[in-house]
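Under our numbering, the first residue of the sequence shown is numbered 6, with each subsequent residue one higher. The structure appears below as structure tokens.
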Amino acid sequence: MGSRFGPEHAKALTRALKCILATLRVACVAFVICLPLTVLSTTLDAAEEAEQSLEKARKAIAARSFDQAELQLERVLMLVPEHAEARVILASLMAQLGRLETALLLLQSLIDDPRTEDDYRQRLRGIYALIAQAPRLASSTQMPDAMASDPDKRGYWRGEIGLGHSSNPLARTAASELPLTIADSVINLPLSDRPIRGNQIQASIARLGPDQGFDLNLTSVSLSGGQIGHAAAGRVSAWGAIAGPLYWQAQAQQSLDDQRRYTFGLSLAEGRNRLTLAAFREPTRGETGQFLRYEHRVLPLAGGLWSAGIERGHHTEQTPDYLRASITGEYNLGKQRFLVVNWGYQGDLSGYNPLLENNSRRWLETRSVAFERHFVLGTQKVVVLRALANERRSNLTIFSFRDLGLQVSLLATWL
Numbered sequence: 006m007g008s009r010f011g012p013e014h015a016k017a018l019t020r021a022l023k024c025i026l027a028t029l030r031v032a033c034v035a036f037v038i039c040l041p042l043t044v045l046s047t048t049l050d051a052a053e054e055a056e057q058s059l060e061k062a063r064k065a066i067a068a069r070s071f072d073q074a075e076l077q078l079e080r081v082l083m084l085v086p087e088h089a090e091a092r093v094i095l096a097s098l099m100a101q102l103g104r105l106e107t108a109l110l111l112l113q114s115l116i117d118d119p120r121t122e123d124d125y126r127q128r129l130r131g132i133y134a135l136i137a138q139a140p141r142l143a144s145s146t147q148m149p150d151a152m153a154s155d156p157d158k159r160g161y162w163r164g165e166i167g168l169g170h171s172s173n174p175l176a177r178t179a180a181s182e183l184p185l186t187i188a189d190s191v192i193n194l195p196l197s198d199r200p201i202r203g204n205q206i207q208a209s210i211a212r213l214g215p216d217q218g219f220d221l222n223l224t225s226v227s228l229s230g231g232q233i234g235h236a237a238a239g240r241v242s243a244w245g246a247i248a249g250p251l252y253w254q255a256q257a258q259q260s261l262d263d264q265r266r267y268t269f270g271l272s273l274a275e276g277r278n279r280l281t282l283a284a285f286r287e288p289t290r291g292e293t294g295q296f297l298r299y300e301h302r303v304l305p306l307a308g309g310l311w312s313a314g315i316e317r318g319h320h321t322e323q324t325p326d327y328l329r330a331s332i333t334g335e336y337n338l339g340k341q342r343f344l345v346v347n348w349g350y351q352g353d354l355s356g357y358n359p360l361l362e363n364n365s366r367r368w369l370e371t372r373s374v375a376f377e378r379h380f381v382l383g384t385q386k387v388v389v390l391r392a393l394a395n396e397r398r399s400n401l402t403i404f405s406f407r408d409l410g411l412q413v414s415l416l417a418t419w420l
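Given below as structure tokens:
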């Protein structure tokens, strides 16, 4: 019995198979061609949507709708995780909202990214240092909104003027006698200078930027309580970027007791670490010298943001060399309330004076606490109420003092 499929059926089947294979081939080619176009279209849609969200974030920041701005910026990074501009703006926004740790991590991620251009990396280091040096100044009442909405801004101005009253503005000791060691005997010398209350006027102006800046502070004290007297102090500081993490810095200052000091040095700032080597001159005391200082800033600890430093100083004339350490903590208590605590210690490496405590090595321990309450008056203007308490203890009586004070100041920032 012959087969059911003759030559004609075999040819028809062959043609059908060839047709199917050709169709599949065309479909595969079409898929290969269309897939990149589809992916590209999706990518373009994501990039376009990210830019739209970024624009919404800028408008939200301008309207001070920070929660909405944060949501839009997070959406940008969800769509385009490598969006550098969004990360910078979000970092500035986090700083404004008091979330310094998040802000610094965002900036550090860009600094460490090898794709970041060198000049832009330098600016990011400057912004990082700007936030790390003064966490309270990054709050929403003090940093201009445009610094967050436009990362290309080169800096901003900050001005402050204030009035205050202090129980001991000249930092005089409360002791009535000064013990002197003469010929193996102790003589108590009466002290006529006693702590005196005084009224203070303070003013400051600063230009703060990621690449350079300066800061001018002036203080005037008028003694009260029947005393006639006046004292003035001032300090001007300037700094600027040299290359990479290297900065120069200079400072000139005069204290309330008319002591002058001039300093110039170099700083290496990387992340939260800063190393400074500087030379100084003190013309009123006929002294010169150098110091080496290391600082670690913005360390989250015990609910606050802490900074610590250690310094080794050398004098070329008669003043003893010293070691100095300091710790500062800032607490954001919410509702524009801040608590700042500070502890410092200095130990001389040789005797201070043969007449004082038998030429003992001097040590100084300083403690201070300040409470601030900020009241927003308008865009980038705030009234600051500040209560302060300072104390310094020493094995040499003349260097010990206590001081309590109240201050009210108007602070403003602008571009």
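Here a beta-carbon is modelled for each residue, glycine too, at the ideal position from N, C-alpha and C.
Q: Identify every residue that forms a DSSP beta bridge with Ile132.
A: Paired residue(s): none; Ile132 is not in a bridge.
Q. Roughly how many angstroms separate the alpha carbons of His320 and Ala68, rounded to a whole number?
A. The alpha-carbon atoms of His320 and Ala68 are separated by roughly 54 Å.
Q) Closest by CA to His301, which one among Gln295, His170, Ile315, Ala55? A) Among Gln295, His170, Ile315, Ala55, the Cα nearest to that of His301 is on Ile315.
Q: Inspect the beta-carbon positions of Leu273 and Leu251 and report whether they are closer than 8 Å.
A: yes
Q. Residues bridged to Arg366 by DSSP?
A. Arg366 is bridged to Gly356.
Q. Ends of the alpha helix (DSSP H) at Ile94?
A. In this chain, the alpha helix (DSSP H) harbouring Ile94 covers 89 to 101.
Q: Could you pull out every residue in the same chain whose Cβ sits closer than 8 Å to the Cβ of Leu42, ignoring the five residues on either side in sequence?
A: Reliability fails at Leu42, whose pLDDT of 45 lies under 50, so the model's placement of it is uncertain and the value that follows must be treated cautiously. None.
**Q.** Alpha-carbon spacing of Ala176 relative to Leu59, whole angstroms
**A.** 52 Å
(Q) Counting C-beta neighbours from all protein chains within 10 Å, is the total for Phe406 16 or more, i.e. buried, or is it exposed? (A) buried
Q: Flag this pair as touching only if the region 209 to 222 and the region 182 to 195 have three or more C-beta atom pairs under 8 Å; answer yes or no.
A: For the pair of segments examined, the region 209 to 222 was found not to touch the region 182 to 195: the number of CB pairs separated by less than 8 Å stays below three.
Q.
Whether or not the region 257 to 266 and the region 283 to 295 are in contact is what I'm after, with contact meaning three or more pairs of Cβ atoms, one per stretch, closer than 8 Å; do they touch?
A. yes
Q: Taking the CB atoms as reference points, tell me whether Leu401 and Glu370 lie closer together than 8 Å.
A: Cβ atoms of Leu401 and Glu370: not closer than 8 Å.
Q: Just list the beta strand (DSSP E) runs in the region 196 to 272, keeping only unbroken ones of 3 residues or longer that don't cross its boundaries, in chain order.
A: 203 to 213, 217 to 228, 235 to 248, 251 to 259
Q.
With three or more C-beta pairs closer than 8 Å as the rule, is the region 409 to 420 touching the region 388 to 401?
A. yes
Q. Expressed to the nearest angstrom, what Euclidean distance is found between the alpha-carbon atoms of Gly294 and Lys64?
A. 52 Å
Q.
Can you tell me whether Ala153 is helix, strand or coil according to DSSP?
A. Because Ala153 sits at a pLDDT of 47, beneath the cut-off of 50, its placement in the model cannot be relied upon, and the point is left open.
**Q.** Own chain partners of Gln351 with C-beta closer than 6 Å, once the 5 adjacent residues on each side are dropped
**A.** Tyr327, Arg329, Leu369
**Q.** Pro359 burial status per 10 Å Cβ neighbour count (16 or more: buried)
**A.** Exposed, by the Cβ-count rule.
Q: Run the CB neighbour count on Leu110, radius 10 Å, all protein chains shown included, and call it buried at 16 or more, exposed below.
A: exposed
Q. For the alpha helix (DSSP H) that Ile116 lies in, which residues bound it at each end?
A. 105 to 117
Q: Pull up the distance between the alpha-carbon of Ile201 and that of Ala180, whole angstroms please.
A: 13 Å
Q) How many Å lie between Leu282 and Ala255 at the Cα? A) 11 Å
(Q) Looking at the secondary structure, which residues open and close the alpha helix (DSSP H) in which Glu75 lies? (A) 71 to 84
Q: State the start and end residues of the unbroken beta strand (DSSP E) segment that holds Pro184.
A: 182 to 187
Q: Kindly list the residues whose CB is nearer than 6 Å to the CB of Leu129, restricted to its own chain and excluding five residues on each side of it in sequence; keep chain order.
A: Only Leu112, Leu115, Ile116 meet the Cβ criterion.
(Q) In the DSSP assignment, the beta strand (DSSP E) including Leu280 goes from what residue to what residue? (A) 278 to 287
Q | Ser331 - partner residues in DSSP beta bridges | A | Gly314, Gly349
Q: State the DSSP-derived secondary structure class of Gln127, mapped to helix, strand or coil.
A: Helix, per DSSP.
Q | Alpha carbon of Ser97 to alpha carbon of Ala394, nearest angstrom | A | 32 Å
Q | Proximal residues to Leu78 (C-beta, below 8 Å), its chain only, five neighbours per side dropped | A | Ser58, Leu59, Ala62, Ala91, Ile94, Leu95, Leu98
Q) Going by DSSP, what residues sit across from Asn337 in a beta bridge? A) BP columns for Asn337 point to Phe343.
Q: Could you check the C-alpha separation between Ala248 and Gly234 for me, to the nearest Å?
A: 47 Å
**Q.** 8 Å contact criterion, which Gly203 and Ser229 should meet: CB distance rounded
**A.** 6 Å
(Q) At the level of alpha carbons, what is the spacing between Ile210 and Gly383? (A) 19 Å
Q) What residues in its chain sit with their C-beta under 7 Å from that of Ala51, if we drop five residues either side in the sequence? A) Leu84, Val85
Q: Return the residue from the list Pro184, Val345, Leu261 that minimises the CA-CA distance to Gln205.
A: Leu261
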